[in-house]
Amino acid sequence: MKALFAASEIFPFAKTGGLADVAHALPRALSKQLEIISVMPLYGFMQSASLSRDELSFSVTLGSIEYDIALYTAENQGVKTYFIQAPLLSATQGLYGDENGEYANNDLRFGIFCAAIVELAAALQIDIVHLNDWHTALAALFIKERSLDIKSLFTIHNLAYQGIFEASSLQRLGIDSRYFHMDGIEFYGALNCMKAGIAYSDRVTTVSPRYAEEILTAEFGCGLEGFLQHHAAKLSGVLNGIDTEYFDPSSDTALASGFDAHNLDLKYCNKKALLKEAGLKDPRVPLFVMISRLAHQKGFDLLLEALKPMLKKRLNILILVEGVNHYRTALEKIAEKHGNLCLFFGYNEALSHRIYAGGDFLLMPSLFEPCGLNQMIAMRYGTVPVVHSVGGLFDTVHEDSETCGTGIVFLRPTKKALLNAVERALSLKSDVQKMEKTIRFNMACDFSFEKSAKAYIGLYRELQQGSLTIKDYNG
Ligand code: ADP
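Mind the numbering: the sequence shown is residues 4 to 478 in my numbering, read in order.
Laid out in structure tokens, this is it:
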């Protein structure tokens, strides 16, 4: 069996969030058991000189325009990765947009990417194409349109981003209007790429079992709950993992001192170094950290509601966030008046590792969280998560339970519940033995991708064998 894993971002080549981590670590885990190749776009900011030019090249036609595709490759820790260089797609410096917002031609940029994925899959005689999020979703439709003997699996990493464009995109993308209806890619008169992935893939997964259930409801379905219910028989949740070799506190070169569960005093050294870097005082005071994007999803409205009363307690808060918006202004205003709040802005990989290692508690008040990687990374680094029990946070963090992992869990996204959770965290911290037991327990949990890889191989095999449920659903 030969599989092609397609994503719009793969670490370390391009990353804006968890998708890149997964698109790096999952194929790596899968490669131990089957032949797998990855593919992503070659963006303008990437240096093609550092990649190898592949002898394969082709063109794809969308609408009446032919686009020449050049292919580059690189080895990514045992997984061969193809880079699609194409007009429009590779012309931008950013992945999806710039300071003016999303690129206006993203429909065509990622439409070209999808057509190139399919062309590449055909050229490499791929059996299974694993597509991820809306940027790759049209590939499922293109495979069906061409009646290729390739099975497709579509993973939803975040239903909130669906790739919705005006109906006029259809013509530019050369998509036949027979697909433009309620049970296809039409969404209130517009084109919805995510719908293409759901409707035309042979199998659909989400990144946690809980999120697979949640997206069938109006609260989390982002308007697609009915559509997803219709396709529920081919939908399941496979919990993400993390790259436990990369996220390893004992060998992480970004840290002030490496540590493991047997020498937690060295974790304390990391805390002291981090506090110094942040200009925060007193390492004996509990340190709450947060590493995030300034998005509504991540619970910043809730955090801002609870932040002032939180800062009145004997604790320090350190936040690393990417994004420039009203949340940033509000956070800065509070930080001006509170010496126990430190803010770092921007995307900083090395600093994020130092924060995971130096924190006592990781705050994740997300309103929804398809899976969430932060809490798993935190637990691996001995930092106890404080989470709103939603999506993947529900599946990975448990309070008063022997299930991996453990942390502080609040059930409703309210100020009262969050403040209560912080109180429980403080009381855990004051019980030195219980705190250390929790840290050690979490550090011994297996958050690797091995389990997910096994589940995906099962799904790939089912697809290859053409099991009945799946055939039924694709008519
Ligand atoms: P999402 O994909 O919704 O942003 P995930 O929890 O799935 O959230 O993945 C987030 C990933 O991005 C983690 O690896 C986390 O450490 C990293 N990350 C998030 N924000 C930052 C930041 N400001 N600086 C560095 N890394 C970040």
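The C-beta atom is built at its ideal place from N, Cα and C for all residues, glycine as well. Bear in mind that the values here come from a model prediction, so they are computed numbers and not experimental data.
Asked: Quick one: is the Cβ of isoleucine 159 within less than 8 Å of any heavy atom of the ligand ADP?; Found: no
Asked: For glutamine 128 and valine 121, I'd like the C-alpha separation in whole angstroms.; Found: 10 Å
Asked: Cutting at 6 Å between CB atoms, please list the residues of its own chain near alanine 142, excluding the five before and the five after it.; Found: Cys117, Ile120, Val121, Leu134
Asked: Among Ala89, Asp24, Ala26, Glu325, which has the Cα closest to the Cα of proline 44?; Found: Ala89
Asked: Looking only at its own chain, which residues have a Cβ that is under 6 Å from the Cβ of valine 210, when we skip the five neighbours before and after it?; Found: His160, Asn243, Pro373, Cys374
Asked: Using only the alpha-carbon positions, how far apart do phenylalanine 262 and lysine 83 sit?; Found: 32 Å
Asked: Mapping the DSSP letters down to three states, classify cysteine 374 as helix, strand or coil.; Found: coil
Asked: CB-CB under 7 Å to phenylalanine 145, same chain, minus the five flanking residues each way: which ones, in chain order?; Found: Cys117, Ala118, Val121
Asked: Is any non-hydrogen atom of the ligand ADP found closer than 8 Å to the C-beta of glutamate 352, if you look at the structure I gave you?; Found: yes
Asked: Whose CA, out of Leu344, Lys237, Glu405, lies closest to the CA of proline 312?; Found: Leu344
Asked: Just to confirm the assignment: which complete beta strand (DSSP E) runs, minimum length 3, are found wholly within the region 269-353?; Found: 290-296, 319-325, 344-348
Asked: Using three-state DSSP, classify aspartate 475 as helix, strand or coil.; Found: Confidence at aspartate 475 is low in this model, with a pLDDT of 37, below 50, so its placement is unreliable and the value that follows should be read with caution. DSSP places aspartate 475 in helix when its eight states are reduced to three.
Asked: Quick check: the region 263-281 against the region 376-383, are at least 3 beta-carbon pairs closer than 8 Å?; Found: no
Asked: Answer with buried or exposed for asparagine 109, where buried requires no fewer than 16 other C-beta atoms within 10 angstroms of its C-beta.; Found: buried
Asked: For alanine 199, which residues from the same chain have a beta carbon less than 7 Å from its beta carbon, with the 5 sequence-adjacent residues on both sides left out?; Found: Ala140, Leu141, Ala143, Leu144, Ile188
Asked: Terminal residues of the continuous beta strand (DSSP E) containing histidine 133?; Found: 131-135
Asked: Tell whether a beta-carbon distance below 9 Å holds between threonine 409 and valine 400.; Found: yes
Asked: At the level of alpha carbons, what is the spacing between valine 390 and glutamate 216?; Found: 19 Å
Asked: With a CB to CB cut of under 8 Å and the five nearest residues on each side skipped, what residues in its chain are close to proline 289?; Found: Arg317, Leu318, Asn319, Asp363, Phe364, Ala428, Leu429, Lys432
Asked: Which whole-angstrom value describes the C-beta separation of valine 241 and tyrosine 459, a residue pair presumed to lie in contact below a C-beta threshold of 8 Å?; Found: 6 Å
Asked: In angstroms, rounded to a whole number, what distance separates the CA positions of histidine 265 and phenylalanine 450?; Found: 19 Å
Asked: What residue does the alpha helix (DSSP H) around glycine 394 start on, and which one ends it?; Found: 394-399
Asked: For methionine 367, which residues does DSSP report across the bridge?; Found: Val390
Asked: Roughly how many whole angstroms lie between the Cα atoms of arginine 181 and leucine 219?; Found: 26 Å
Asked: For the beta strand (DSSP E) that valine 210 lies in, which residues bound it at each end?; Found: Segment: none, valine 210 is in no beta strand (DSSP E) and carries neither H nor E.
Asked: Runs of 4 residues minimum, wholly inside the region 400-434: which ones carry the alpha helix (DSSP H) assignment?; Found: 418-433
Asked: Taking the C-alpha atoms as reference points, what is the distance between aspartate 285 and phenylalanine 291?; Found: 13 Å
Asked: Helix or strand or just coil, what does DSSP make of arginine 56?; Found: strand
Asked: Is the CB-CB distance between serine 11 and leucine 98 below 9 Å?; Found: yes
Asked: Comparing C-alpha positions only, which one of Gly342, Asn328, Asp434, Lys457 sits nearest to glycine 104?; Found: Asn328
Asked: Does the count of Cβ pairs from the region 67-76 and the region 44-57 closer than 8 Å reach three?; Found: yes
Asked: Using only alpha-carbon positions, find the residue among Pro212, Thr332, Glu248 that is nearest to alanine 235.; Found: Pro212
Asked: Using a threshold of 9 Å, state whether the C-beta atoms of lysine 237 and aspartate 186 are closer than that.; Found: no
Asked: Taking the straight line between their C-alpha atoms, what separation do you get for glycine 21 and phenylalanine 190?; Found: 27 Å
Asked: Take leucine 297 and list the residues in its own chain whose beta-carbon comes closer than 8 Å to its own, dropping the five residues that flank it on each side.; Found: Phe303, Val324, Glu325, Gly326, Val327, Asn328, Tyr330, Arg331
Asked: Just checking my contact of glutamine 165 with cysteine 225 at CB under 8 Å: how many whole Å lie between their CB atoms?; Found: 7 Å
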